[in-house]
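Student: Structure in structure tokens, see below.
Residue numbers (the UniProt record's numbering): 1 to 94.
Shown next as structure tokens:
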């Protein structure tokens, strides 16, 4: 089974890496990105996450709930990560 990252999901990871690096340092940004990536790589196993809003999508928390991976699964067990978004606890205040 394989995990695929869409271009949008990769772009989101880069965006969050840059934001984290600007706020802290490169090492912290690298560690955060690695945790997001590692969580994504676990999604090709047994599905245990919440269904998403869009039909056929699922949600998986990453980085202690700071981010949410939006993904879909294929009948062969492969997973495609569609996007990485901030979780509710990580939204910016207006």
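All residues carry an ideal CB built from backbone N, CA and C; glycine is no exception.
Would you report the Cα separation of residue 15 and residue 1, rounded to the nearest angstrom?
Tutor: Their Cα atoms are separated by approximately 27 Å.
Student: In the DSSP assignment, the beta strand (DSSP E) including residue 83 goes from what residue to what residue?
Tutor: Residues 79 to 86.
Student: Look at the Cβ atom of residue 65, then the Cβ atom of residue 58, and state whether they are nearer than 8 Å.
Tutor: The answer is no: Cβ separation not under 8 Å.
Student: Hey, residue 97 and residue 40 are a contact pair by Cβ (cut 8 Å); roughly how many whole angstroms apart?
Tutor: The question about residue 97 has no answer, for the chain in this structure spans 1 to 94.
Student: Could you tell me the distance, in whole angstroms, from the CA atom of residue 94 to the CA atom of residue 75?
Tutor: With a pLDDT of only 48 at residue 94, under the threshold of 50, the placement of this residue in the model should not be trusted; the figure read from the coordinates follows. Taking the straight line from one Cα to the other gives about 41 Å.
Student: With a Cβ-Cβ cutoff of 8 Å, do residue 13 and residue 85 count as a contact?
Tutor: Contact: no.
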